[in-house]
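The sequence shown: position 300 = 303 (my numbering), numbered continuously.
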Amino acid sequence: MAQHYRKTGASFSEALGASPGGAVTADRLIHAIDGLRKAQDEDKTGSKGVVSVLKEPDVFLARGCGETKVELCPGVCGKELFHGIKRAGHHAKHMLQLIRWPVLINNRLALAIAGLWWGGEESYTLLASDYATAKAEQVEAWTPPTEHKLESRARAPAAFLTWLRYAENAVKVFGSAYGLEHVSERMAFLSALREANEEDENAFPVGYCIKLYEELNAVWCEQIRESRRKLRAKLCTENPRLEDLKLVALSPGPDGAPAFQFPRAWDLQDPQGYYQQVILPGQQRAMTRVWNRQLHEQNKTAGTAWVYF
4 MAQHYRKTGA
14 SFSEALGASP
24 GGAVTADRLI
34 HAIDGLRKAQ
44 DEDKTGSKGV
54 VSVLKEPDVF
64 LARGCGETKV
74 ELCPGVCGKE
84 LFHGIKRAGH
94 HAKHMLQLIR
104 WPVLINNRLA
114 LAIAGLWWGG
124 EESYTLLASD
134 YATAKAEQVE
144 AWTPPTEHKL
154 ESRARAPAAF
164 LTWLRYAENA
174 VKVFGSAYGL
184 EHVSERMAFL
194 SALREANEED
204 ENAFPVGYCI
214 KLYEELNAVW
224 CEQIRESRRK
234 LRAKLCTENP
244 RLEDLKLVAL
254 SPGPDGAPAF
264 QFPRAWDLQD
274 PQGYYQQVIL
284 PGQQRAMTRV
294 WNRQLHEQNK
304 TAGTAWVYF
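Structure representation (structure tokens):
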């Protein structure tokens, strides 16, 4: 593939290799028209969480535009990734053994990985409860379904340590699918969550821990999608080629860092992060409401009407 270098004073379109009547320009035009046609077809069906609506850019960005260390089906995205995951469950079980794959491959797992659908409330998104541990011999004996019907969502285990094990399996799968670079921050979060639960179960009950993990998973994926929207806006197209998306994503910003950065949703100490900006203020508001409700109920019971300034 020809390389395009940005010369001094070159316009953005020139940096992308566009030239009047050039093959690259024609290729982009065809790609954009094809994307518009597919988008119109999807608008007619209104379906979500099905193979036909799988797209490539979100997983491409989650993989650092091809720069992360991917173990599971590297180099493919979208529908081909869905089919590739299922083929791995059929014909590449020896490779799954080599990377210590911890769960059985089914339609729910393959679809959500290919769509970057993790932690949401929608029925097709993956939760930690979908990652029950499978032994090596179970993975070896298992055959993924040939049809594409989505399995039911699994129920969360009652025991916190069992759920934690499932969550660790989910992190392993996430790293294998999108890049091993994603593993450490998620494992650090699960470790902190376990310690918090053990130290003060009233402040960090099991239900809250599970909800927090799934919410941060969903937020991370949504922030990837938001980055994709911003990059598409820079390219002035709803259906950019992956090569163009990578060029814009990895181009340096004003501070010299790449324009695209992985979300920091798992960093609990980041003052600008989701936990500090959304989770903690939400908890504080909830505590204030409970405190005020109890205070006024107590005054009402005592027959006293106080006004506080």
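Using N, Cα and C, we set each Cβ at its ideal position, and we do this for glycine too. These numbers were taken from a predicted model, which means no experiment stands behind them.
| Query | Result |
| --- | --- |
| For Cys239, is the classification buried or exposed, using 16 other Cβ atoms within 10 angstroms of its Cβ as the cut-off for buried? | exposed |
| Helix, strand or coil for Trp121? Go by DSSP, reduced to three states. | strand |
| Leaving out five residues on either side along the sequence, give the residues of the same chain with a beta carbon under 6 Å from the beta carbon of Phe263. | Ser230, Ala252 |
| So, are the CB atoms of Ala317 and Leu107 less than 7 Å apart? | With the chain covering only 4 through 312, there is no way to say anything about residue 317. |
| For Glu59 and Gln141, I'd like the C-alpha separation in whole angstroms. | 31 Å |
| Secondary structure at Pro60, three-state DSSP: helix, strand or coil? | helix |
| Using only the alpha-carbon positions, how far apart do Ser254 and Glu184 sit? | 20 Å |
| By Cβ distance below 7 Å, which residues in the same chain neighbour Val222 in space, the five residues on each side in sequence not counted? | Ala268, Tyr277 |
| Which term fits Glu241, buried or exposed, when burial requires 16 or more other beta carbons within 10 angstroms of its beta carbon? | exposed |
| Quick one: give me the first and last residue of the alpha helix (DSSP H) that Leu75 is part of. | That residue, Leu75, is in no alpha helix (DSSP H); it is neither H nor E in DSSP. |
| Between the C-alpha atoms of Gly87 and Gln297, what's the straight-line distance to the nearest angstrom? | 56 Å |
| In the DSSP output, what is Pro255 paired with across the bridge? | Pro261 |
| Between the alpha carbons of Lys175 and Arg235, how many angstroms are there, rounded? | 30 Å |
| Are the CB atoms of Val54 and Lys82 nearer to each other than 7 Å? | yes |
| Between which two residues does the alpha helix (DSSP H) carrying Thr165 extend? | 163-181 |
| Considering only their Cβ atoms, is the gap separating Leu119 from Val62 smaller than 7 Å? | yes |
| So Asn110 and Lys152 are supposed to be a Cβ contact under 8 Å. How far apart are they, rounded? | 6 Å |
| Spatial neighbours of Leu271 within its chain, please: CB distance less than 8 Å, with the 5 preceding and 5 following residues excluded, ordered by chain position. | Phe192, Ala195, Tyr278, Gln279 |
| Between the segment 161-174 and the segment 204-221, do three or more beta carbon pairs fall short of 8 Å? | yes |
| List the whole-angstrom C-beta distance separating Ile227 from Pro266, where the pair is believed to meet the contact cut-off of C-beta under 8 Å. | 6 Å |
| Suppose you measure from the CA of Val186 to the CA of Glu171; what does that come to, to the nearest Å? | 9 Å |
| Considering Arg232, what are the terminal residues of the alpha helix (DSSP H) in which it resides? | 209-238 |
| In chain order, what residues of the same chain lie with their CB nearer than 8 Å to the CB of Gly256, ignoring the 5 residues before and after it? | Ala262 |
| Within 10 angstroms of its Cβ, does Asn205 collect 16 or more other Cβ (buried), or is it exposed? | exposed |
| Should Pro243 go down as buried or exposed, given a rule of 16 or more other Cβ atoms within 10 Å for buried? | buried |
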